[in-house]
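If you read the protein sequences in the order shown, they are chains A, B and C. Note that the numbering used here has the first sequence beginning at 1, numbered continuously upward. Note that the numbering used here has the second sequence beginning at 381, numbered continuously upward. Note that the numbering used here has the third sequence beginning at 921, numbered continuously upward. Reviewing the structure listed below.
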Amino acid sequence: MARAGDTIAETLTPGEAVVGRSLWQDAWRRLKRNRAAVASAILLLFLALAAIIGPVVVPHSYDRVYPQYVRTPASLEAYPQAEAIVPEFESVLSRARVTAGEVTVTGSSVSAPISSEEPLDPRIVRYVDRSDLFESGRIEDLSADGKSGTMAADVIRVRFLFGTDGNGRDLLARILVGIRISLAIGFLASAMALLVGVTYGAVAGYFGGRVDDVMMRVVDILYSLPFIFFVILLVVFFGRNFILIFIAIGFTEWLDMARIVRGQTLTIKRQEYVQAAEALGVGSIGILKRHVVPNTLGPVVVYVTLLVPKAILLESLLSFLGLGVQEPLTSLGLLISEGAANMRGAAWMLIYPAVTLTLILFALNFLGDGLRDALDPKDR
Amino acid sequence: MPDADQPILAVRGLHVEFDTNDGVVHAVKGVDLDVRRGETIAVVGESGSGKSQAMMAMMSLLAANGRARGSARYREKELIGLSERQLNRVRGKKITMIFQEPMTSLDPLYRIGRQIAEPLIHHGGYSRARARPRVLELLKLVGIPEPERRMRSYPHELSGGQRQRVMIAMALANDPDILIADEPTTALDVTIQAQILALLADLQRRLNMAVVFITHDLGIVRRFADRVYVMRSGEVVEQGSTEAVFDRPQHPYTKLLLAAEPAGRKAPPAPGAPILLEGDNVEVTFRIGGGFLQGEPMLLRAVDRISLTLREGQTIGIVGESGSGKSTLGRALLRLLPSEGAIRFGARDISKADREDMRPLRREMQVVFQDPFGSLSPRMTVGQVITEGLLVHEPSLSRRDRDRRAVEALREVGLDPSMRNRYPHEFSGGQRQRIAIARAIILKPRVVVLDEPTSALDRSVQKQIVELLRDLQAEHDLSYLFISHDLAVVRAMSDYIIVMKQGKIVEEGPTDAIFDHPREAYTQTLMAAAIDSTRFRSSP
Amino acid sequence: MFGYVIRRLAGAIPTIFIIVTLAFFMIRLAPGGPFDLERPIDPLIMENLNRAYHFDKPLWQQYFIYLGNLLQGDLGPSFTRRDFTVVDLFSTGLPVSIRLGATAIIIALVFGTSLGALAALRQNSWVDYAVVGTATFGITIPTFVVAPLLSLVFGVMLGWLPAGGWDGGRVANMVLPVTTLALPQIAAIARLTRGATIEALRSNHVRTARAYGLPPFVVVVVHTLRAAVLPVVSYLGPTAAALLTGSVVVETIFGIPGIGRYFVQGALGRDYTMVMGTVVVIAIFVLLFNLIVDILYAWLDPRVRYD
């Protein structure tokens, strides 16, 4: 690595100042060459965009219940299907207490001749509109005596690309919301762990001595606690809400971060460039700002990329156990849990959220591995 | 019985290539080399010359991304491309090898007795029980004290020199024809170096084996080798008998190498020059262990009541082996470490000065460290590195002024100023050391502590740095505290020398007096180990 | 050695004490109680209940009563399963969890180390890529996805194995849960072993062994794998403790009567004694296995044998 640079530096003729390649730029170039990492980054961006924009584009709201479409399999076809329209229209008309003739379905509208003993009450269209399948019910071709005519209505065509869940809600919309929650918790909890861990680790490492001893002893004790159980306790006792979940996860994940940052700080403190800065008379702040922080950043970035999937996994686990976000809000873990409960007969309820979560975790892992290789290229 | 002139090892057209992310690196480019029975040859070259890789290729020890082409015949048996199984009849039996890193070359998980026995069991047909007396014998042969007890030791319980002796014992186990010694003493202290080299020379004579020394150290070559191969960038540029190559070098690179021994002397300071830095009974104590709930710490006195006086324009060389406390002393004098005793800078007593008090003085007392890779912050440009001190001491300077000063400083240390926006990792070791020097002199200091500034560099680069430092000293009337274990460099730099051992001064005096008439036994050993390189082996 | 074990065990006592104390007060500070969730009870009965369970006393007294009982090995009665004491529940559930967990660990160790070592020895071959790819898969997919999918495919669709249930621990009933538990561990151990083996193969002492013409078996098994196993040993401590104390996910999905579910159920039902019991048992397992790992490590690596 240094060798390639040497030759450039030695052969260049004096003149205008040459711009160098910083280690970050090097890392960026290496990352761009890693196809798995780039593909993962693109997939994650796509999923994130889908989670943000998706719910607006998808025609169903994640909490809209379609009682007649409970556990509808995933399909590209629109519902209702033709064979479902006729009986539903017939039953609607019988509820309206009119005698109905042959039901004909043309395109997106349905019609049937109707007749009655009494003149037809125009308000009976309400029976049609009340059904989830039809809208804009109207009576056409009303006969002169008002006792017969044609009842027509538009069929509401809905598509459930990923099917519906046990309450008849669109699974696609719910998965998009789930992605949103998972990514949000993943990043927020990691940010939380980052903040606490970096501060704690840097303080312990920089001050060293007694302070370091005591602070790290605390971390050791916390390590030996079954921490995931304390998260569960927290969530159980203090209620299930979004904020608490991400705080809880952040607090369980900061320990590793603190150790990493402390270790880094200790190493950097011993580096000769820090001693050189001290010999130059640079103060603590300058040393932290110009030397310690920029040089801890690499390992920290790598660790954060591994932290995000961990946090997402933890949130999903909590949701799976029924301790995560509350209905009607949902998360991937919750969806998988519902899917597992309904897998006999409604396998799609398990498969789609499971695949989504796996994709996210995969992409984050590959991106993390790519970043690690890019930032720490010794393993070549 | 083959003809004595017939080589037992003949290397022809050996090439070594490595696949790397930056393409194929051609490390060895067609090397020819002969080893005759019982002779000692040296393969000399600076780092990156391919000297080690050529040997590794022969023994099929290249890293996974390496490939070897060409021929290496051992007694008519082609080694290159031989199957592992076939090769193992030669490796460790007929040709053995010792390495540069005695600390890591032995398996940390097994007792050394077992490790020495392994080649005996697998090549010599020994049983584990029968191997034991032979292992003892070998340990005695290489001069390990208490061999019975040491057999049961693990490598981490041995010192570096002892581990290298264990490696030699392993190498001798099956009476090899050829012993390849890959920089066997580079990682050791000078006095230990001398012992290991003497041991190797002695064993070589007694056992009549051929020895191949791979080294960058011309002193070793001159003293031990019959013939020498000089390598540069993967090629042998010159070969011949040691005397011929040293007395009548043909190739310009060989001439350069031979001239690379730091030579010349520093001009003495003006008589009666004022005292600049003075230490009086300086003491530094480290606490080892202890801490929260861990009981009493162990106290280690790294610097033990040392006094010295540095005059304006003077260079004091502080000499000692690793662990002698010489670097600690340098840091303590700069108040980078807490210490006891009095330290005066000019007229001012700074022994109680804290960080704030020291800050204005920092620009007058600077330091250059050993490791040119570790002493420059990897995420700052060279310009930022050099001008960091100006931020502290001349905060009124504009960015443009600082840039101008960086250009001046770079020019002064012989670097192209257009490189100032590059990052340290884009420079070679020697260039980085120049950058570190530029960082120190940009502040126009009066005292510079030079902490092994040349130890990590190749000889030819060392010489340039030594000359640069001497020029800068003359020009700016600097005083140096020059800390080094390398006596040749110290001699070329210093007016006055302090020899340290275990935190104490063993001997001190003017350079010539110390070099010509060392009084203390320890100094004599040091000198004998390092300087006495004028004697050719073949003309004792 | 014996002295070291004794000292370590003694050193574990304050840690357990801290854990118990923290857990005790955390649970009690939370709103709600074990009798809140049911239909309103007659105040008189409520009073009797509170007295029987010492809820009428101040919290610190309850704490000391609990500590006293704990020292005698009494974890108290369960609040949600009224007919059982916590010790009863653990004595039936723990063997089930241990049996599942131990099987999974053994399988994970055997497969994980051999796959990892194989991949390292054939670095950059298709074997290596296959192992690394599968391992990434195994680490990434969460248990709560694997478990229902396995149950769906092999239990429901193919009908080869029971989709759930314990049935006294029949082998057929153990296959799917053990697989679920072992898969991520196989993956993790394989990755660890692979990395450590590659590092060991590049180390100077392995170069020495090769330079001395030692047979490949000696180079690989004696000088490489022993070093490569060290990080696996460290990893195994907390992992073994976690696996042996049961997995909520696996036990829930496959309907297994282990102790993995007790904690969540206990926490949801404000079953104080059940939660405390689980915390104590898990803490003991964690500390015990850390000790075992440290002893094993010292046995394997002479450099850490400092007593």
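A virtual CB, placed ideally from N, CA and C, is assigned to each residue, including glycine. Keep in mind the model is a prediction, meaning the values are calculated, not measured.
Within 10 angstroms of the Cβ of B/Glu701, are there 16 or more other Cβ atoms? Answer buried if so, exposed if not. In the assembly as shown, B/Glu701 is a buried residue. Its beta-carbon has 16 or more other beta-carbons within 10 Å.
Under 9 Å, Cβ to Cβ, is there at least one residue of chain B near C/Arg1130? It does; some Cβ of chain B falls within 9 Å.
Those residues which DSSP pairs with B/Glu451 across a bridge: In the sequence as displayed, the identity of residue 451 of chain B is Ser instead of Glu. B/Arg392.
Measure the C-alpha to C-alpha separation of A/Thr11 and A/Ala36 and round it to an integer number of angstroms. Residue placement at A/Thr11 is flagged as unreliable, the pLDDT there being 37, under the threshold of 50; a coordinate-derived value is accordingly withheld.
A/Ala152 in three-state terms, based on DSSP: A/Ala152: strand per DSSP, three-state reduction.
Does the distance from the C-beta atom of B/Thr420 to that of B/Ala581 stay below 9 Å? Going by C-beta atoms, B/Thr420 is nearer than 9 Å to B/Ala581.
Could you have a look at B/Ala561 and say whether DSSP puts it in helix, strand or coil? Correct three-state label for B/Ala561: strand.
So with CB distances below 8 Å, who are the chain A contacts of C/Val1065? Correct list: Ile336, Ala354, Leu357 and Thr358.
At least one CB of chain B closer than 9 Å to the CB of C/Ser1045: is that the case? No, C/Ser1045 lies away from the interface with chain B (no Cβ there is under 9 Å from its Cβ).
Using the Cα positions of C/Pro934 and B/Ala511, report the straight-line distance between them to the nearest angstrom. In a straight line, the C-alpha of C/Pro934 is about 51 Å away from that of B/Ala511.
Taking 9 Å as the CB-CB cut-off, is C/Pro1068 touching chain A? True, the Cβ-Cβ gap to chain A drops below 9 Å.
Counting along the chain, where does the beta strand (DSSP E) carrying A/Glu140 start and finish? Judged by DSSP secondary structure, A/Glu140 falls within the beta strand (DSSP E) whose first and last residues are Phe134 to Glu140.
Can you tell me whether B/Gly671 is helix, strand or coil according to DSSP? Note on B/Gly671: pLDDT 48, under 50, position unreliable in the model; the coordinate value appears next. In this structure, B/Gly671 counts as coil in the three-state DSSP scheme.
Rounded to the nearest angstrom, what separates B/Gly671 and A/Gly209 at their Cα positions? With a pLDDT of 48 at B/Gly671, under the threshold of 50, the modelled position of that residue is not reliable, and the figure given next carries that caveat. Across the structure, B/Gly671 and A/Gly209 are spaced so that their CA atoms are roughly 7 Å apart.
Chain A residues whose Cβ lies nearer than 8 Å to that of C/Thr1060: Pro309, Thr358, Leu361, Phe362 and Asn365, listed in chain order.
Rounded separation between A/Val38 and A/Trp28 - CA only: The straight-line gap from Cα to Cα measures roughly 11 Å.
Return the Cβ separation of B/Ile572 and B/Gly599 in integer angstroms, given the expectation that the two are a contact with Cβ distance under 8 Å. Actually they do not touch by this definition, with Cβ atoms about 15 Å apart.
What are the residues in the segment 554-567 of chain B lying within 7 Å of chain C by C-beta distance? Going along the segment 554-567 of chain B in chain order, one finds no residue with a Cβ nearer than 7 Å to chain C.
Any chance the segment 1121-1137 of chain C sits against the segment 1186-1200 of chain C, with 3 or more Cβ pairs inside 8 Å? By the C-beta criterion, the segment 1121-1137 of chain C is judged not to be in contact with the segment 1186-1200 of chain C, since fewer than 3 inter-stretch pairs fall below 8 Å.
Just to confirm before moving on: does the CB-CB distance between B/Val828 and B/Ser859 stay below 9 Å? Cβ atoms of B/Val828 and B/Ser859: closer than 9 Å.
Would you list the one or two residues that DSSP bridges to C/Tyr1192? In DSSP, C/Tyr1192 forms no bridge with anything.
Taking A/Gly263 as the reference, which of A/Val292, A/Val235 and A/Gly283 has the closest Cα? Taking A/Gly263 as reference, the option from A/Val292, A/Val235 and A/Gly283 with the minimal CA-CA separation is A/Val292.
Can you give me the C-alpha to C-alpha distance between B/Thr914 and B/Ser874, rounded to a whole angstrom? Caution is warranted here: a pLDDT of 46 is assigned to B/Thr914, below 50, making its placement in the model unreliable, and the coordinate value is therefore given only provisionally. Just so you know, the alpha carbons of B/Thr914 and B/Ser874 end up roughly 22 Å apart.
May I ask which residues mark the beginning and end of the alpha helix (DSSP H) holding B/His922? The structure shown does not extend to residue 922 of chain B, since chain B spans only 381 to 920, so no value can be given for it.
A/Pro309: buried (16+ other C-beta within 10 angstroms of its C-beta) or exposed? Classification of A/Pro309: buried, given that the 10 Å Cβ count is 16 or more.
So B/Ala407 and B/Glu481 are supposed to be a Cβ contact under 8 Å. How far apart are they, rounded? 19 Å between Cβ atoms; not a contact.
In angstroms, rounded to a whole number, what distance separates the CA positions of B/Gln466 and C/Ala1147? So the alpha carbons of these two residues sit roughly 27 Å apart.
Would you check if the distance between the CB atom of B/Val415 and the CB atom of B/Val592 is smaller than 9 Å? Going by C-beta atoms, B/Val415 is nearer than 9 Å to B/Val592.
Closer than 9 Å between beta carbons: that is the criterion. Which residues of the segment 193-220 of chain A meet it against chain B? Hits within the stretch, in order: Gly209, Arg210, Asp212, Asp213, Val214, Met216 and Arg217.
Could you check what DSSP says for C/Asn1093 in three-state terms: helix, strand or coil? C/Asn1093 falls in the helix class under three-state DSSP.
So, is the C-beta of B/Leu1000 closer than 9 Å to a C-beta in chain C? This structure does not reach residue 1000 of chain B, given that chain B is present from 381 up to 920, and the question cannot be answered.
Euclidean distance between Cα positions of C/Gly1166 and A/Arg180: Inter-residue distance for C/Gly1166 and A/Arg180 is about 31 Å (C-alpha atoms, whole angstroms).
Proximity to B/Met547 [Cα-Cα], best of B/Ile478, B/Ser778 and B/Ser432: Ranking B/Ile478, B/Ser778 and B/Ser432 by CA distance to the CA of B/Met547 puts B/Ile478 first.
Please name the residue in A/Asp256, A/Phe162, A/Glu118 and A/Gly137 whose C-alpha comes closest to that of A/Ala311. Comparing Cα positions, the closest option is A/Asp256.
Would DSSP call B/Met547 helix, strand or coil? When secondary structure is reduced to three states using DSSP, B/Met547 falls in the helix class.
Give me the chain A residues within the contact set of B/Leu716, using Cβ-Cβ distance strictly less than 8 Å, ordered along the chain. Under a criterion of Cβ atoms nearer than 8 Å, the residues of chain A adjacent to B/Leu716 are, in order, Gln275, Glu278 and Ala279.
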